[in-house]
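>
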Ligand SMILES: Nc1ncnc2c1ncn2[C@@H]1O[C@H](COP(=O)(O)OP(=O)(O)OP(=O)(O)O)[C@@H](O)[C@H]1O
Ligand SMILES: [Mg+2]
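Numbering (this note's numbering), first residue to last: -10 to 257.
#1: Spell out the partners DSSP gives residue 23 in its beta bridges.
#2: At a cut of 8 Å, does the region 20 to 33 reach the region 201 to 209 through at least three beta carbon pairs?
#3: If we ignore side chains and look at the alpha-carbon of each, how far apart do residue 36 and residue 77 end up?
#4: Is residue 219 near ligand 2, with its Cβ less than 7 Å from a heavy atom?
#5: Please classify residue 31: does DSSP put it in a helix, a strand, or coil?
#6: Pull up the distance between the alpha-carbon of residue 215 and that of residue 208, whole angstroms please.
#7: Where does residue 168 fall in DSSP's three states?
#8: Tell me the rounded alpha-carbon separation between residue 46 and residue 14.
#9: Quick check on residue 67: does DSSP put it in helix, strand or coil?
#10: Going by beta-carbon coordinates alone, are residue 8 and residue 220 separated by less than 8 Å?
#11: Would you identify the three-state DSSP class for residue -8, choosing helix, strand or coil?
#12: Using only the heavy atoms of ligand 2, determine whether one of them is closer than 7 Å to the beta carbon of residue 2.
#13: Confirm, please, whether the CB-CB distance from residue 85 to residue 130 is below 8 Å.
#14: Let me confirm a value: residue 73 is counted as buried when at least 16 other C-beta atoms fall within 10 Å, else exposed. Which label applies?
#15: CA-CA distance, residue 90 and residue 161?
#16: Compare the beta carbon distance of residue 163 and residue 186 with 8 Å and say whether it is the shorter of the two.
#17: Helix, strand or coil for residue 137? Go by DSSP, reduced to three states.
#18: Alpha helix (DSSP H) containing residue 269: first to last residue?
#19: For ligand 1, I want to know if residue 77 counts as a neighbour, meaning its beta carbon is within less than 7 Å of at least one of the ligand's heavy atoms.
#20: Buried or exposed: residue 175, going by 16 or more other Cβ atoms within 10 Å of its Cβ?
#21: One question on the structure: do residue 197 and residue 168 come within less than 8 Å of each other, judged by their Cβ atoms?
#22: Any heavy atom of ligand 2 closer than 7 Å to the CB of residue 190?
#23: Quick check on the contact list: which residues have their beta carbon closer than 5 Å to a heavy atom of ligand 3?
Next up, the structure:
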């Protein structure tokens, strides 16, 4: 069996008048951390929206563990083990922190309405599991002490962490993180990077796809990087290959990296 957990073939999204994603291909292997970078409007979130089932592709194929999922909805994707965070937070603000995580984990429930209403053993057993998993996810993200707080009242940086905890509560096989450090201060984002590394260490089978603008973060964390511009993938490779790609430097990274490399060469 292939160790590819996700294969994207000719994936395309045509909005009215905008070709946001234009026949891209990606191959993600199980247990690795991937980066997806590119300038604003390159199409990164649109790719994640299609992989997570929040947006149906106009064309192309998405295979998750060898199964076609491009025509299925987001609930199916979540059940299959694909979890994602949103660039703009989508928490249930009026629920507690714990309930936000429990609601996410319930995606895998097996009990039916009758079992729930009559409080049958399977319902009780599953509910207990959900709340244990949710707590565990909050602990991993260091926010378990806020379990009973209303999500809206959490400071912004912790709300971002709760978004990730909600993903972890479903014990995903593929975790899609759309700019998880957006709006965080440098200290918070450094902590987040360490936590993502920790999550990966504790769950070596989990595949992570990270959209992130901070190049230092991407270069440090990701084993393989896709670079998008105007809806296409203009380069892909290891951090070193991306760092050295002239195409990427001129299209995306701009002069800053070129200058840094010149300085680096001079100082050698
Ligand atoms: N629902 C939509 N309807 C129409 N156009 C859209 C829609 N969503 C995105 N677009 C357009 O598709 C293109 C890609 O957008 P997308 O949000 O995927 O970019 P991005 O790489 O995530 O950018 P950013 O770094 O700013 O988050 C942009 O031109 C955007 O305006
Ligand atoms: Mg985006």
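Ideal Cβ placement from N, Cα and C applies to all residues, glycine included.
Predicted, not measured: the structure shown is a model, and the values here were computed from it.
The structure says:
#1: To locate residue 23, count along the chain shown from 1; it is residue 34. DSSP lists 198, 213 as partners of residue 23.
#2: yes
#3: Position 47 of the chain shown holds residue 36. Position 88 of the chain shown holds residue 77. When rounded, the distance between both Cα atoms is 16 Å.
#4: Counting from one through the chain shown, the residue named residue 219 turns up at place 230. Not so, every heavy atom of ligand 2 lies at least 7 Å from the Cβ.
#5: As a working mapping, residue 31 is identified with position 42 in the chain shown. Coil, per DSSP.
#6: By 1-based counting over the chain shown, the position of residue 215 is 226. By 1-based counting over the chain shown, the position of residue 208 is 219. CA-CA distance, residue 215 to residue 208, rounds to 12 Å.
#7: Counting from 1 along the chain shown, the entry for residue 168 is found at position 179. Reduced to three states, the DSSP call for residue 168 is coil.
#8: Translated into positions along the chain shown, residue 46 becomes position 57. Translated into positions along the chain shown, residue 14 becomes position 25. Rounded to the nearest angstrom, the two C-alpha atoms are 13 Å apart.
#9: Here residue 67 corresponds to residue number 78 of the chain shown, with the count starting at 1. Three-state DSSP puts residue 67 in a helix.
#10: Counting from 1 along the chain shown, the entry for residue 8 is found at position 19. Counting from 1 along the chain shown, the entry for residue 220 is found at position 231. Cβ atoms of residue 8 and residue 220: closer than 8 Å.
#11: Here residue -8 is taken as the residue at index 3 of the chain shown, counted from 1. The answer is coil: DSSP assigns residue -8 none of H, G, I, E or B.
#12: By 1-based counting over the chain shown, the position of residue 2 is 13. Incorrect: residue 2 has no Cβ contact closer than 7 Å to ligand 2.
#13: The residue given as residue 130 occupies position 141 in the chain shown. The residue given as residue 85 occupies position 96 in the chain shown. It is not a contact, given that the beta carbons lie outside the stated cut-off.
#14: Locating residue 73 in the chain shown gives position 84, where the first residue counts as 1. That one is buried.
#15: Here residue 90 corresponds to residue number 101 of the chain shown, with the count starting at 1. Here residue 161 corresponds to residue number 172 of the chain shown, with the count starting at 1. Rounded to whole angstroms, residue 90 to residue 161 spans 13 Å at the Cα level.
#16: As a working note, residue 163 is residue 174 in the chain shown. As a working note, residue 186 is residue 197 in the chain shown. The answer is no: Cβ separation not under 8 Å.
#17: Taking the first residue of the chain shown as position 1, residue 137 is located at position 148. Here residue 137 sits in coil by DSSP.
#18: The question about residue 269 has no answer, for the chain in this structure spans -10 to 257.
#19: Reading the chain shown from its first residue, position 88 is the one you call residue 77. Not so, every heavy atom of ligand 1 lies at least 7 Å from the Cβ.
#20: As a first step, residue 175 must be located in the chain shown, where it is residue number 186. Exposed is the call here.
#21: Looking up residue 197 in the chain shown gives position 208. Looking up residue 168 in the chain shown gives position 179. No, the pair does not count as a contact, with Cβ atoms beyond the cut-off.
#22: Residue 190 sits at position 201 when you count from the first residue of the chain shown. Checking the Cβ of residue 190 against ligand 2 gives no.
#23: Looking at this structure, you won't find ligand 3 anywhere; what it does contain is ligand 1 and ligand 2.
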